[in-house]
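With the sequence shown counted from 1, adding 38 to any position gets you my numbering.
All C-beta atoms in this analysis are idealised placements derived from N, C-alpha and C, irrespective of residue type, glycine included.
Here the structure is a predicted model, which is why all the values come from computation and not from measurement.
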Amino acid sequence: MSHDGPDLTALLGSRICHDLISPLGAIGNGVELLAMSGTAAGPEMALIAESVASAKARIRFFRIAFGAAAPDQRLGRPEILAVIADMTRGGKLAIDWQPEGDQARREVKLAFLGLQCLESALPWGGRVTVQRQGPGWLLRAEAQRVKVDAAPWAVLAGLGDPAEVSAAQVHFALMPVEAARQARKVQADLGETGISLRF
């Protein structure tokens with residue numbers, strides 16, 4: 039697959055996320071207005087509000103992971119932390135983002151794709167630490183147990199067929215492509231209670 043020219047997959051991801059975030063925000067605002075007016079309350083409204091917040095958090099995360107990123111674009115640490123906090127709120131996965139200051143959006147995109155790969159291996163929860171190591175990155179996942187499906191991890195390592203990944207595993211195919219665009223290589227170390235990703 040050529041890595042030259044526009045990344046149409048990323049542009050598509052940006053377009054979908056951009057078009058969905060506004061109506062989700064409107065639904066959230068509507069739920070807040072109903073709650074403030076007292077015309078609607080109870081577990082049903084709480085469930086709607088929680089679902090909208092969860093969807094908005096996922097879309098913001100997907101916009102970075104799957105969306106377009108210009109070489110000169112940067113993301114501030116507060117924005118990165120907010121996206122991670124919203125996405126993990128109420129879940130079993132904890133993410134410790136350690137890099138200080140602003141980061142190149144392209145590198146954060148790669149880190150977020152890596153976080154999705156690690157999330158796939160942590161269905162029972164766990165903790166992921168994200169660190170900068172000079173020009174490189176280290177994502178380290180730790181859990182009581184991990185679930186490693188060999189096929190997508192082989193694709194991540196460049197040894198499998200990307201055509202065989204499912205929609206739920208697409209990040210395993212996208213991460214090495216994005217890494218190649220950035221002249222990086224992904225290295226995964228898989229263990230029974232932990233996984234490390236370096237790039």
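Between which two residues does the beta strand (DSSP E) holding W135 run?
131-135
Start-to-end residues for the alpha helix (DSSP H) that takes in V215:
208-219
Taking buried to mean at least 16 other C-beta atoms within 10 Å of its own C-beta, is G152 buried or exposed?
buried
Between the segment 112-122 and the segment 75-89, do three or more beta carbon pairs fall short of 8 Å?
no
From the DSSP output, which residues share a beta bridge with A64?
Answer is none; A64 lacks a bridge partner.
Hey, L156 and W135: beta-carbon distance below 8 Å or not?
no
In whole angstroms, what separates the C-alpha of G139 from that of I97?
23 Å
Is it true that the CB of G196 sits closer than 8 Å to the CB of F237?
no
Is the distance from the Cβ of P137 to the Cβ of R183 below 8 Å?
no
Kindly indicate which residue of G172, L177, A123, Q207 has the alpha-carbon position closest to the one of A188.
Q207
So the alpha helix (DSSP H) E230 belongs to, where does it begin and stop?
It is not in any alpha helix (DSSP H) - E230 carries neither H nor E in the DSSP assignment.
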